[in-house]
Structures are given as C-alpha cells and as structure tokens.
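Participant: First, the structure itself, so that you have it in front of you.
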Amino acid sequence: KKVTIRGTVTDAASNEPMVGAYISSGVPLKVVADVKANGSYTAVVDEGATLTFSYVSYDTQTIKLKAGQLIVNVRLKETQNTLGGDVVIRGYVKRTRETTTGSSFIVSGKEVQDVPVGNVEQLLQGKVAGLNIQNNTGAPGMRGSTNIRGLSTISVTGTGESAYLQPTSPLYVIDGVPMDADKASEFGFDQQGPGVSPLSMIPQEDIASIEVLKDATATALYGSRGAYGVILIQTVRGKSEIPQVRYTSQYYVSTVPPLRDTYGGKSERDFKLAQIERYGIGDQKYLITNTPFLADSLNAFYNNSTDWQNVFYSSRFNTTHNVALDGGDDKFNYKTNVGYYSQNGIIENTGFERYSLSMNMEFKPSTRLRFFGQVRGSLGKVQSGSGTGVLQKVVDNSANRSSLLPGPSFLLATSDVLSTLQIRESAGPR
C-alpha cells in the first residue's frame, strides 16, 4: 500500500530550510523526493517504509514510518570535522591531518590482515590513488615495480647485458628507518628479475598503518631519496594494560592455472610422422630416419609419454605462523613479535621462506619527552629456478618439449631440460 508523506527538512542550528536535501527509500536506496525552496517535501512510499534524509556535509538521518504516520519533520545536524582523528607522520613528528598539507593516503593495518600473501605491496593494489604496482614476476616474495603518480624520467644505466632501467621506486621508511628497496634487486636483462621487497620481510600482523606520501610537500624532508615518493610503514605498538599473547596461523594452497593441452607418447610420434610425410619437401623426409626418437620406437629411452608441464608445475601447500606479546599504556608500552612464513611457488624449486623477530619499547615520561627503542631482524630465503628472466627456457616452452623424452631422473643435471629444477640463490646487484 502506497502512502503520501509530507514534512519539512531544516538545519538543526539555524532552522533554515535545507534546499536540495533528498529523501531516499527502498532496497537499494532510491531517491523519492527532494526539498523545495521553502523546506517542504512530498514523497509517495510504501506504508511502514524507512526514509533516509541526506545532504552534503550533514549527518544522514534515517526514520522508520509508524502505522498511520503521514507527517515527518526532520532537523539535520552538520557533520563534525573528522580530520583530527587521523594521525599522519611527517619525518619523526606525528601530526593530525587537519594541521598538515600535501597529498598523502593512509591504509589501516586492518585492511591488510588475514590475506595470505608474501608481499604486502600486492594488497596495496587498487587501494591508493596514483600508486601503480605491477607484479613483473609471480615468484614468491619478489617485488614488482612500484611507481607513485607515474614515471617522470626514463634512463638506462650500464651497457650490454648489464644494462638496466634506472630504478624509480619510492623510498620505504619503516618505523623511521629509511630502506632502499633497490639494493635487493637483480639488475641486467639476463637475470631472473627483481629482488625481495622490503615489505615482504614484515609480517602483516605487525603492520599498524601504511602511509603513502605523493607530492613534493609531503616528501621534502627526505630530500632526493624521496624524489619518487615515500611509503611509511608504522608497526604495531603495545596498548593493553594486561599483557596479551596472540597466535595467528594460516594454511592455504597455491593451485596451478589451466595449462595447455598437449599430445603425448604414441600420439605425438604419429602426429609428427604424418606431418613430415604430408608436408615434408625434398630432404626433409629424411628427418624420420635421422631423428632417433621418431625412428627408434623400440628404444625404451625414446618410448615415453612424459608430461613436462606436470614436471615443472604442481599445486603447493603453504603456511604462516605468528606469535605476538604486547602490553602497556599511554606512558609505557612494549611489543614482541615472532613470525614464520613459507610459500612454495607452483614452479618446481621456487619459493620464499621468512623468519622474523621484532621488539620495541616506548616510554613517555612527559608530553614533551619520549624514548623509543626497537630491534628488528628478518631472514629471508628465496629459491628461484635457473634460466634467464627473458626466456625462462624450459618452463615457458615446457608444452613444446617432446613427451617421448624420459623424465628428469634419466637425464644429466646439466641438461637444459633440467635447468629450472636447479636451486639458485638470489644475488644482489652486480
């Protein structure tokens, strides 16, 4: 049953009519009326409906209609300024957002929790305007290219195989300590790719907030190091008067995406023989007798049906554990965090393993004096298959490898077929 509702919408402080305010109802909300010049409105809604009154910079008010109620007068209150609730970091000083200038964006630590990733950078994708993150490699723990507000310059350092693009990564500052993200990178076109990200060495459970500084005003304190922007990471502080012990554990599986369908065994041999017989020109038909794995079908060495994609790709089980002890109040607080993270890549012998320990303590004898100390250590181990970063030889071409060849256990470890099965420790810049 439809009913006609009438009333007025005015300012709670000045009692002036709220011209342009709108009234919504239904699921999803639809605008059913707006306020006229004299502050009045008329709306046709369902009996017992819920009306929502809205106006820019004013608190939204919701009213549930009672039985027989046809008159609804509303007084809207102006929204209180909430900028003072956000605390931003400028160098080594904390300020409220309303007293700062410059462009910055804060991501709360709660927004990056409970998602099993080795690199928190992946969770920042799509959350910060102007922050462009591209994962150049799917290798666990590796960092992608990070740019704030695009590339301003493109320059190449070095020559030949040692040439690489000049890094344009932002400066990372963790609890006031600057870190150069590019020192862990591997340079050169013949290398596996970028190195380990600084953010991959910090457990997600230990992150309180991430602030991205974008413009010159926000990054001026860091000088030339902040030319490409600054990312500030604030870790968790103790805040419970009663000591708390928290244990977090996650288990998850990395699965292999759908791979290409391939011929195997006798089907592959018959297909290649038919291809040469039908389309071979001149001496090409002699390929049959000159190619052992086509001609010698009785030889056990060439009489296989090896699925090379299954050799290199498989689903992996991963886990993460984190134990935190914290406590304290506004004057004195402490925190200890111990974490373990293990992620195995879907490519054989690729993965990332991290052991982390962090401790901090803060003492504020007065509002003008503050003592803070911290100890942080992380040990990360990266496994990456050999082969060049451009081609990744066998992995990229695994579907093209002949299934007639035997599996890896029959071949020498120096074979290029086995190149991606060898463990190679990650190296720093050359």
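Following our numbering, the numbering of the sequence shown begins with 957 at its first residue and continues without gaps.
Beta carbons: idealized from backbone N, C-alpha and C, even for Gly.
Could you pull out every residue in the same chain whose Cβ sits closer than 7 angstroms to the Cβ of V959, ignoring the five residues on either side in sequence?
Facilitator: Result list for V959: V1001, E1003 and L1026, in chain order.
Participant: How about S981 and T1006: do their beta carbons lie closer than 8 angstroms?
Facilitator: For S981 and T1006, yes; Cβs fall inside 8 angstroms.
Participant: To the nearest angstrom, report how far apart S1141 and N1091 are at their CA atoms.
Facilitator: A caution first: S1141 carries a pLDDT of 48, below 50, which makes its placement in the model too unreliable to give a value.
Participant: Please name the residue, chosen from A968, T1306, Y1184 and S1165, that lies closest to S1270 on a Cα-to-Cα basis.
Facilitator: It is T1306 whose Cα lies nearest to the Cα of S1270.
Participant: Which of helix, strand or coil does DSSP assign to N994?
Facilitator: Three-state result, N994: coil.
Participant: Return the bridge partner residues of I1104 from the DSSP annotation.
Facilitator: L1087, per the DSSP bridge assignment.
Participant: Give the secondary structure of A1005 by DSSP, where H, G and I count as helix, E and B as strand, and everything else as coil.
Facilitator: In this structure, A1005 counts as coil in the three-state DSSP scheme.
Participant: I'd like the span of the alpha helix (DSSP H) that includes L1229, first residue to last.
Facilitator: K1222 to Y1235 is the span of the alpha helix (DSSP H), which, as asked, contains L1229.
Participant: Flag this pair as touching only if the stretch 1219–1229 and the stretch 1157–1173 have three or more C-beta atom pairs under 8 angstroms; answer yes or no.
Facilitator: Contact between the stretch 1219–1229 and the stretch 1157–1173 is absent, because fewer than three Cβ pairs lie under 8 angstroms.
Participant: Would you list, in sequence order, the uninterrupted alpha helix (DSSP H) runs of no fewer than 4 residues that lie entirely inside the stretch 1275–1326?
Facilitator: Counting whole runs of 4 or more residues, the stretch 1275–1326 contains no alpha helix (DSSP H) stretch at all.
Participant: Quick one: grab the DSSP three-state call for Q1339.
Facilitator: Q1339 falls in the strand class under three-state DSSP.
Participant: Less than 8 angstroms between the beta carbons of V1012 and V991, yes or no?
Facilitator: Against a cut-off of 8 angstroms, the Cβ pair of V991 and V1012 comes out as no contact.
Participant: Using a 10 Å radius around the Cβ and a threshold of 16 neighbouring Cβ atoms, would you call G963 buried or exposed?
Facilitator: Looking at its Cβ environment, which holds 16 or more other Cβ atoms inside 10 Å, G963 is buried.
Participant: In whole angstroms, what is the alpha-carbon distance linking G1301 and K1195?
Facilitator: Rounded to the nearest angstrom, the two C-alpha atoms are 37 angstroms apart.
Participant: Can you tell me whether DSSP reads P1199 as helix, strand or coil?
Facilitator: Coil at P1199, not helix or strand.
Participant: Taking L1079 as part of the alpha helix (DSSP H), name the residues at either end of that continuous run.
Facilitator: Taken as a continuous stretch (DSSP letters only), the alpha helix (DSSP H) holding L1079 covers E1077 to L1080.
Participant: Only counting the same chain, and skipping five residues up and downstream in sequence, which positions put a Cβ closer than 7 angstroms to that of Q1017?
Facilitator: Answer for Q1017: F1009, V1030 and L1032, listed in chain order.
Participant: Going by the DSSP bridge assignment, what does R1332 pair with across the sheet?
Facilitator: In DSSP, R1332 forms a bridge with S1314.
Participant: Could you name the residues of the same chain whose beta carbon sits closer than 6 angstroms to that of G1329, not counting the 5 residues immediately before and after it, in chain order?
Facilitator: Excluding residues within five positions, the ones whose Cβ falls inside 6 angstroms are M1317.
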